[in-house]
Every structure is written in structure tokens, then in C-alpha cells.
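**Student:** Note that this note's numbering has the sequence shown beginning at 30, numbered continuously upward.
Backbone N, C-alpha and C define an ideal beta-carbon position, used for all residues, glycine too.
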Amino acid sequence: MTAPASTSLVALDDIRAAASRIAGVARRTPLIDVGGINGEPAFAIKCENMQPAGAFKIRGAYNMVAQLSAEARGAGVITYSSGNHGQAMALAARLLGIRAVVVMPETAPRVKVEGAERLGAEVLLAGTTVLERKARAESEAAAHGLTMVPPFDHPWIIAGQGTCGLEIVEQCPAVSAVYVPMGGGGLVSGVSVAVKSLRRATRVVGVEPEGAPKMTVSRAAGHPVTLPKTASIADGLLSIRPGDLTFAHVQALVDDVLTVSEREIEAAVKWLFDHANVVAEPSGAASVAAVLRQRPAADGIVAIISGGNVSPQDYAKYITG
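#1: Beta-carbon within less than 6 Å of I186's beta-carbon, same chain only, minus the 5 sequence neighbours each way: which residues are those?
#2: Have a look at T136 and E146 and give me their C-alpha separation to the nearest angstrom.
#3: Measuring only the C-alpha atoms, how far is Q323 from V289?
#4: Whole angstroms is fine: what's the gap from P192's alpha carbon to G219's?
#5: Who are the Cβ neighbours of S340 in its own chain at under 7 Å, not counting the five residues just before and after it?
#6: How long is the line joining the alpha carbons of A99 and A297, rounded to whole angstroms?
#7: D62 lies in the beta strand (DSSP E); which residues open and close that run?
#8: For A75, which three-state DSSP category applies?
#9: Taking contact to mean at least 3 C-beta pairs separated by less than 8 Å, is the segment 109 to 124 in contact with the segment 149 to 160?
#10: In whole angstroms, give me the CA-to-CA distance for A170 and S49.
#11: For V177 versus I269, is the C-beta distance shorter than 7 Å?
#12: Below 8 Å, can you find three or more Cβ-Cβ pairs linking the segment 319 to 337 to the segment 66 to 73?
#13: Are the segment 278 to 286 and the segment 233 to 241 touching, with three or more C-beta to C-beta distances below 8 Å?
#14: Looking at the structure shown, is V233 part of a helix, part of a strand, or coil, going by DSSP?
#15: Measure the beta-carbon distance from A277 to I294 and round it to whole angstroms, keeping in mind my assumption that it falls under 8 Å.
#16: Here's the rule: buried if 16 or more other CB atoms are within 10 angstroms of the residue's CB, otherwise exposed. What is A326?
#17: Taking the continuous alpha helix (DSSP H) assigned at A326, which residues delimit it?
#18: If we call anything under 7 Å between Cβ atoms a contact, is A188 one with V39?
#19: Once DSSP output is grouped into helix, strand and coil, what is the label at D264?
#20: Let me know if A172 comes out buried or exposed under the rule of 16 or more other beta-carbons within 10 Å of its beta-carbon.
#21: In whole angstroms, give me the CA-to-CA distance for A117 and G272.
#22: Do you know how far the Cα of S37 is from the Cα of S205?
#23: Can you look up S340 in the DSSP assignment and give me helix, strand or coil?
#24: Given this structure, state the Cα-to-Cα distance separating E241 from P59, to the nearest angstrom.
#25: Do you know how far the Cα of V142 is from the Cα of I87?
#26: With DSSP collapsed to three states, give me the class of P134.
#27: Skipping 5 residues on each side, what residues in its chain have a beta carbon closer than 8 Å to that of Q96?
#28: Over what stretch of residues does the alpha helix (DSSP H) that includes A206 continue unbroken?
#29: Does R228 pass the burial test, meaning 16 or more other C-beta atoms within 10 Å, or should it be called exposed?
#30: Hey, S110 and P180 are a contact pair by Cβ (cut 8 Å); roughly how many whole angstroms apart?
#31: Could you tell me how far apart the beta carbons of P134 and G156 are, in whole angstroms, since I believe they sit closer than 8 Å?
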């Protein structure tokens with residue numbers, strides 16, 4: 030499948046430039062071998078939960094904010110986010126001395142709201158859907174001259190997220206498949222460019238919750254589709270629509286899109302605690318949920334743990350449940 034001619038995909042050189050730009054800010058996170066005992070699949074996890082601000086989002090956020098003009102920096106930046114991207118943009122802005130405003134849903138986990146505030150951002154709460162918080166962010170941006178730093182559908186964001194894919198290929202040269210949690214599609218887009226450019230035969234699999242199958246429905250339709258609603262414990266994967274640019278990347282480069290159930294996501298959070306001593310939020314564990322269900326026998330399987338921002342109360346429920 031090819032992307033629409035009107036939509037230009039991010040290039041490997043864009044990702045390599047981003048890697049240089051974010052060096053010293055985003056961490057080169059570890060790739061850890063897990064499983065392989067008592068008949069469980071043996072695979073590796075890419076621990077993006079260990080990034081500053083607790084998720085992969087710092088890669089794209091810093092890559093974009095660092096490229097803004099002096100005039101744009103002076104006015105400040107704004108975004109709309111379920112939590113992790115907002116925290117990452119807040120951190121990027123703080124490191125660069127820029128004002129930051131984050132619009133989050135009224136249902137955002139308190140741990141993510143407090144995380145953004147702790148990093149110096151002004152947090153505004155608006156509605157419960159991405160459309161409501163996007164509208165509020167656009168209104169604030171227009172009123173105060175702020176630059177929008179979108180959560181996923183921008184080439185600078187996608188290029189930054191793609192640096193995770195570069196690292197995977199360097200850390201696991203024989204990588205055969207990469208499973209990627211998928212919300213709006215920024216991470217899977219960037220990772221697919223990096224991995225497919227360097228290891229064409231490697232499969233890239235996007236994973237989303239059954240309660241938020243925006244990419245599954247869009248791929249079936251052949252164009253981005255807006256869902257009427259989404260619901261899942263994986264609060265970072267609740268976009269109701271893929272981006273136009275991220276959808277083009279997925280159509281062109283992603284081999285498969287899977288959905289996982291709430292029960293499978295919860296089980297994956299607990300499995301990572303029990304078997305790898307890794308703290309993953311439900312969104313970050315979706316990739317592992319897919320691996321544990323599919324039980325691939327091949328070598329070189331990698332699952333990205335995209336984030337670890339989960340409240341202690343919820344986490345205790347998942348790991349003891």
C-alpha cells in the first residue's frame with residue numbers, strides 16, 4: 030500500500046537529524062530481554078517508560094520546540110494532550126526557557142496533570158474528548174500568539190519519535206518485528222520509517238485498544254475516520270481519529286494493526302511487573318499484550334513500552350488483580 034501522493038512521509042535523514050538534536054535530552058533507553066521461561070515467548074522490551082517525563086514523547090516534543098524561531102519561543106508554546114505529550118512539551122519548554130500551556134481532558138489522571146504542572150506548565154482542563162481540548166488549545170493559541178506543538182500529526186514530531194526506531198535497530202540488529210502502542214500514530218509512524226529504511230524485512234505492528242480502534246477502522250475505510258467515542262484504561266491511546274500524516278505512514282509502512290482487550294492490557298501490566306520489574310502504564314503495555322497473545326516464536330521480537338505514568342492507586346490494582 031502506498032501513501033497518498035499529497036502527503037510526504039518523513040525521511041530517514043530527518044530522523045537522524047532529530048537524533049542529533051535531542052541527544053543529551055532524551056535518553057537512549059535500554060532494550061531488555063524478557064520471557065522465554067515456562068513456555069512464554071522470548072522477546073525484548075524497549076523501555077521508553079524510563080525517559081524524562083516518563084514516556085517516549087520527549088523525543089518528538091523536544092525535536093519540535095528546539096526548532097522554533099526566536100520569535101515563536103518568545104511567545105510560548107501550547108498543546109492538547111491526554112497527559113504524556115503535555116508533560117514532555119512542558120519539559121522541553123522548561124529546558125529551553127519557554128512559556129508552556131497544556132490543555133488536558135477533565136478526566137486526565139492526576140499524576141499526569143501534576144507532572145506537567147511540576148515541570149512549569151500552565152494546565153487548562155477542557156472536556157473529555159480530543160476535539161474539545163484541541164479546540165480550546167487553538168483558541169488559546171490564537172488569543173495569545175502561542176505556537177501549537179501537536180501531539181502526533183507533524184513531521185517534526187514524527188521524526189523525533191522515529192529516533193526510538195533508530196535505537197532499536199542499533200541495539201538489536203537482527204530485529205524481526207517491532208510491536209508499537211498506537212494512539213494518534215506518531216510513534217508507530219516514526220519507528221516504521223526508521224526500521225523499514227534500515228531493515229526492510231522487519232515487520233512493524235501497531236497495537237491499539239479494542240475500545241479505541243481508530244486506526245483499525247480507518248485502514249478498513251481507506252482514509253482517516255473519526256470515531257464517535259473511545260474508552261479504555263489505556264488513556265494515552267484514546268485518540269478518536271488518526272492524523273492525516275500518521276495515517277499515510279501507517280498505510281505505507283506498517284504491516285499489521287492489532288487491537289487488544291482491557292483484560293489483556295491489565296494482564297500485560299502485571300506481567301511486566303512480575304517478570305521484568307518494569308513499571309508500565311496501560312498504554313505502554315499494549316504492545317506486550319499483543320506479543321503475549323500472539324506468542325511469536327521468531328527471534329528478534331521487540332515490544333516498545335511507550336510510557337510508565339500511572340497513579341500508584343491504579344497500578345496497585347493492576348498488579349494485585
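**Tutor:** Answer, in terms of the structure:
#1: G89, M93, G215
#2: 16 Å
#3: 11 Å
#4: The sequence given here has Thr at residue 192, not Pro. Taking the straight line from one Cα to the other gives about 7 Å.
#5: P138, R139, V140
#6: 44 Å
#7: 60 to 64
#8: Note that residue 75 corresponds to Lys in the displayed sequence, not to Ala. K75 falls in the strand class under three-state DSSP.
#9: yes
#10: 29 Å
#11: Checking the sequence shown, residue 177 turns out to be Met, not Val. No.
#12: yes
#13: yes
#14: strand
#15: Not quite, the Cβ-Cβ distance comes to about 27 Å (not below 8 Å), so this is no contact.
#16: exposed
#17: Looking at the DSSP string, A326 is not in any alpha helix (DSSP H), and its letter there is neither H nor E.
#18: yes
#19: helix
#20: exposed
#21: 19 Å
#22: 26 Å
#23: coil
#24: Contrary to the premise, residue 241 reads as Ala rather than Glu in this sequence. So the two alpha carbons sit approximately 29 Å from each other.
#25: 16 Å
#26: coil
#27: R50, W185
#28: Not the alpha helix (DSSP H): A206 falls in the beta strand (DSSP E), residues 206 to 210.
#29: buried
#30: 5 Å
#31: 6 Å
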